[in-house]
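Chemist: For reference, the structure I am asking about is given below.
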Amino acid sequence: MKKILSALFVTMLIVGTMGSSVFADNHSDMAMVRVLHASPDAPEVDVYVNGNAVVEGASFKASTDYLELPAGEHTVEIYAAGTKGEKDPVISQSLSVKAGMAYTVAAINTLENLELKVVEDSMNITEGMTKVRVGHLSPDAPTVDVGVVGGDALFSGATFPMVTDYKELDAGTYDLEIRTEDGTQVMDLSGTSLEENTVYSVFAVGMADNLDVLMLKDYTLMPNDMPQTGMGGASTDSTSYLPILAGVAVLGAGALLLFRRRTQQ
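This is the structure:
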């Protein structure tokens, strides 16, 4: 029995050490990237990074959760859905990302002039506050301001394809509007709720005559101070430990079964 327990303990120790190093290796040099389809007349697309599919069949206004990528240079290719191997990519571009940083990679403009817009996303906020920025991703919309209805502008002079800096605000519900520089309302955003401890990106997408707004969560400050990102997050990856735990469970069950058989003999 001592031999069995000793062997099991050593195995668990080795597996546990391997698990810790794997987790460190997997996360210490990682960046987080999400992909947004913001081209109003483009078809569904497949997105490949370094030849591997990360998004398939994404339609206009679709966005991913944050995906982990190793820091460094990567090749991003976008194909019309299901055409890889049959046609050339509609976009092939190099993407450079840094460890510990988060990015939004958006396919923007019309299909004829499709391009990638890459912006850094914020992963920090003052506790109790909210933070927001605005992205003008409508190819034919005029220069606009975003502000309180009938009040001051929070963001001024946004033109395509500009993404503003973040602005930290008191959390709460705001009656906002998108308006032209002469004050003409383009879109009523009354009742916009901005939660505390949360960072948002608000993207205006579509053509000027059919404008829409996408509101994405970039980051949420959790009570345990562990960063949570996007709609599901990539910062706490418990799945990294599942194969390890499963292996330990199998080894433990095997050792127990062997011990029972020996004691019955």
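Numbering (mature numbering (1 follows the signal peptide of the UniProt record, and there is no 0)), first residue to last: -24 to -1, 1 to 241. Glycine included, each C-beta is placed from N, C-alpha and C at the ideal position.
Can you tell me the Cα-Cα spacing of G228 and N173, whole angstroms?
Modeler: Residue mapping note: residue 228 aligns to position 252 of the sequence shown, counting from 1. Residue mapping note: residue 173 aligns to position 197 of the sequence shown, counting from 1. Any answer about G228 is weak, because its pLDDT of 40 lies below 50 and its placement is not dependable; what the coordinates show is given next. Answer to the nearest angstrom: the Cα atoms are 42 Å apart.
Chemist: The beta strand (DSSP E) with L90 in it runs from where to where?
Modeler: Counting from one through the sequence shown, the residue named residue 90 turns up at place 114. Unbroken run through L90: none, as it is neither H nor E.
Chemist: What are the start and end residues of the beta strand (DSSP E) that includes S132?
Modeler: Within the sequence shown, residue 132 is the residue found at index 156, counting from 1. Element bounds for S132: 129 to 134.
Chemist: Leaving out the 5 sequence neighbours to the left and right, which residues in its chain are closer than 8 Å to E144 when beta-carbon positions are compared?
Modeler: Here the question's residue 144 lines up with position 168 in the sequence shown. So the qualifying residues of the chain are I101, T102, M105, T106, K107.
Chemist: Going by other Cβ atoms of all chains shown within 10 Å of its Cβ, with 16 needed for buried, is D97 buried or exposed?
Modeler: On the sequence shown, residue 97 is found 121 positions in, with the first residue counted as 1. With 16 or more Cβ atoms within 10 Å of its Cβ, D97 is classed as buried.
Chemist: Between A78 and G127, what straight-line distance do the alpha-carbon atoms span, to the nearest angstrom?
Modeler: Translated into the one-based positions of the sequence shown, residue 78 becomes position 102. Translated into the one-based positions of the sequence shown, residue 127 becomes position 151. Straight-line Cα distance between these residues: approximately 33 Å.
Chemist: What is the DSSP secondary structure of D22, counted as helix, strand or coil?
Modeler: As a working note, residue 22 is residue 46 in the sequence shown. Three-state result, D22: strand.
Chemist: Whose CA, out of A34, V52, S35, lies closest to the CA of V9?
Modeler: Translated into the one-based positions of the sequence shown, residue 9 becomes position 33. With distances taken between Cα atoms, V9 lies closest to V52.
Chemist: Would you check whether the ligand SAM has a heavy atom nearer than 7 Å to the C-beta of E49?
Modeler: Ligands in the displayed structure: none, and consequently the ligand SAM is not present.
Chemist: Note down, in chain order, each residue of its chain lying with its Cβ closer than 7 Å to the Cβ of S35, except the 5 sequence neighbours on either side.
Modeler: On the sequence shown, residue 35 is found 59 positions in, with the first residue counted as 1. The answer, listed in chain order, is H13, E20.
Chemist: Consult DSSP for A180 and reduce its assignment to one of helix, strand or coil.
Modeler: For the purposes of this step, residue 180 is identified with residue 204 of the sequence shown, where counting begins at 1. Three-state DSSP puts A180 in a strand.
Chemist: Please state whether DSSP places D146 in a helix, a strand or coil.
Modeler: Counted from its first residue, the sequence shown places residue 146 at position 170. It is a strand residue.
Chemist: Could you have a look at N28 and say whether DSSP puts it in helix, strand or coil?
Modeler: Walking along the sequence shown from the start, residue 28 turns up at place 52. In the structure shown, N28 sits in a strand (DSSP, three-state: E or B).
Chemist: Check whether the region 65 to 77 touches the region 137 to 156, counting contact only when three or more Cβ pairs, one atom from each stretch, lie closer than 8 Å.
Modeler: no
Chemist: Below 8 Å CB to CB, which residues in the same chain sit around D5 once its five sequence neighbours on both sides are set aside?
Modeler: Counted from its first residue, the sequence shown places residue 5 at position 29. Closer than 8 Å at the Cβ level, and outside the excluded window around D5, lie P46, A47, A75.
Chemist: Assign K63 to buried or exposed, taking buried as 16 or more other Cβ atoms, counted over all protein chains shown, within 10 Å of its Cβ.
Modeler: The sequence position of residue 63 within the sequence shown is 87, counting from 1. So K63 counts as exposed.
Chemist: Quick check: D151 and S166, are their CB atoms within less than 8 Å of each other?
Modeler: Position 175 of the sequence shown, counted from the first residue, corresponds to residue 151. Position 190 of the sequence shown, counted from the first residue, corresponds to residue 166. Yes, Cβ-Cβ distance for D151 and S166 is below 8 Å.
Chemist: Taking only the alpha-carbon atoms, compute the straight-line gap between T119 and V95 and give it to the nearest angstrom.
Modeler: Taking the sequence shown and counting its residues from 1, one reaches residue 119 at position 143. Taking the sequence shown and counting its residues from 1, one reaches residue 95 at position 119. In this structure, the straight-line span from the alpha carbon of T119 to that of V95 is close to 20 Å.
Chemist: Between which two residues does the beta strand (DSSP E) harbouring E44 extend?
Modeler: Locating residue 44 in the sequence shown gives position 68, counting from the first residue. Its beta strand (DSSP E) spans residues 43 to 46.
Chemist: Applying the 10 Å Cβ sphere with the 16-neighbour rule, what's the burial state of T160?
Modeler: Taking the sequence shown and counting its residues from 1, one reaches residue 160 at position 184. The residue is exposed, with fewer than 16 neighbouring Cβ atoms inside 10 Å.
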